[in-house]
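Position one of the sequence shown corresponds to residue 1 (full-length UniProt numbering), numbered consecutively onward.
Read through the structure below, which is laid out as structure tokens, and then see the notes.
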Amino acid sequence: MGWLNLRRLTYFRAIIEAGSLSEAARRLSVPQPALSYHLRELEADFGGPLVIRGRNGVEPTEGGQLLFDHATIILAQVERAEMELAGLRRRGAADPRVMRISALPSLATKLTPHLLKLTAETLPLSGLFVIETVTREAREMLRQHEIDFAIVIADEKVPESQWLAAESLLMCFAAGDGDATAGPITFAEALDAPLMLPAKGRPVRNLVERLAGQVGKKAIVIHEIDGPNPRKQATIAGLGKTFLPWISISEEVEKGLIGYREVVDPPLLRHVALEWREDMDPELAWAMHGLLSTLLTSVLR
């Protein structure tokens, strides 16, 4: 499996996150033909397509989504290792107070700068490393002691005392593909639309199906796409409608790329929660919980 080197993983992650080769090339400052070459080589070594190419960009196949999920974890671990080793070199090996926390992809970008600032001011840490992972992978990393804290989507496994904040999921669609001025939409009405949702067993899919059962309907799922960023890009491309939190779409709404309607009756509401290593110092764990609860309450809606 030597074909999965770090450069190719970096390129592939950028392609999926950007939703197009041209945008990925711009973000990486790499010529687009070079990205195309490495993508073709990856697909040749894999033995099949990793992305579906269309007029509006690319979206991952099942194999591509699996590779993207692994690439995200692998590259985050490499980045964390580099930062930890650099920090250790700067301060010496005697100070172990480095905290590692994972954040949901929908939160990580906007949460990280606020989190770094607040922890520097309030917690006695030598370093804080933030990585981006979904709930399932974050829990596995906690079990392996690869991270100390994980911001996850709350489910039946998480006691309410560990909840941090609530956020609403909005009905999202490509600009021009729905009436964003029509006001709220009932959940039952939203279920009549062709939807793009994560695979079965994922927290958002579980939430939608549970509430659908309560209103006596079933979701019409036309595409299964894991991860808020790939789902957002597919929404912009007009491939269907989906449910995303405001923090994930605010920039796209401002640019006129995505429209949305608030979901009501019942609202599509989820909670995010904090989990930590089983051997974590309780005092530090609850201090981090209080800090994050205050922070997330201010940034989520």
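Where a beta carbon is used, it is the ideal one built from N, C-alpha and C, also for glycine.
Q) Helix, strand or coil: how does DSSP classify G54 here? A) strand
Q | Own chain residues within Cβ distance below 8 Å of C172, not counting five before or after | A | K232, T235, K241, T242, F243, L244, I249, I258, G259 and Y260
(Q) If I measure Cβ to Cβ from K110 and keep anything under 8 Å in the same chain, skipping five residues before and after, which residues do I get? (A) I247 and V299
Q) Pairing CB atoms from the stretch 144 to 154 with CB atoms from the stretch 97 to 104, are three or more of them under 8 Å? A) yes
Q) For R40, does the count of other Cβ atoms within 10 angstroms reach 16, so buried, or fall short, so exposed? A) exposed
Q: Please classify S106: is it buried, with 16 or more other beta-carbons within 10 angstroms of its beta-carbon, or exposed?
A: buried
Q) Within the 8 Å Cβ cut-off, does I185 reach chain D? A) This model lacks chain D altogether; it includes just one protein chain.
**Q.** Contact check, L239 vs V272, beta carbons under 8 Å
**A.** no
Q) Which residues in the same chain have their Cβ closer than 6 Å to the Cβ of D45, if we skip the five residues on either side of it in sequence? A) W3
Q. Would V130 pass as a contact of E275 if the rule is Cβ separation under 8 Å?
A. no
(Q) Buried or exposed, going by whether 16 or more other CB atoms sit within 10 Å of the CB of T72? (A) buried
Q: Put P267 into one of helix, strand or coil per three-state DSSP.
A: coil
(Q) Applying the 10 Å Cβ sphere with the 16-neighbour rule, what's the burial state of N229? (A) buried
Q | Separation of D281 from R80, as counted between CA atoms | A | 22 Å
**Q.** Minimum length 3: unbroken beta strand (DSSP E) runs contained in the stretch 152 to 176
**A.** 163 to 174
**Q.** Per-residue DSSP class, three states only, for P194
**A.** strand
Q: Using only alpha-carbon positions, find the residue among Q162, L35 and G63 that is nearest to G47.
A: G63
Q) Is it true that the CB of P184 sits closer than 8 Å to the CB of V253? A) no
(Q) Taking its Cβ as the centre, do 16 or more other Cβ atoms sit within 10 Å of Y37, making it buried, or is it exposed? (A) exposed
Q) Is L197 closer than 8 Å to A175 when the C-beta atoms are compared? A) no
Q) Which same chain residues, not among the five before or five after L211, have their C-beta less than 8 Å away from its C-beta? A) F187, P266 and L268
Q.
Determine whether the beta carbon atoms of A25 and L9 lie at a separation below 8 Å.
A. no
Q | Alpha carbon of L164 to alpha carbon of P49, nearest angstrom | A | 40 Å
Q. Using the beta-carbon count (16 or more within 10 Å), is G127 buried or exposed?
A. buried
Q: For the alpha helix (DSSP H) containing V208, list its first residue and its last residue.
A: P203 to Q214
Q.
By DSSP's criteria, G127 is part of a beta bridge. Which residues make up the other side?
A. V98
Q.
Going by the DSSP bridge assignment, what does P60 pair with across the sheet?
A. V51
Q) Where do the ends of the alpha helix (DSSP H) carrying H289 lie? A) P282 to V299
Q: Provide the residue(s) that pair with W276 in DSSP beta bridges, ordered along the chain.
A: F149
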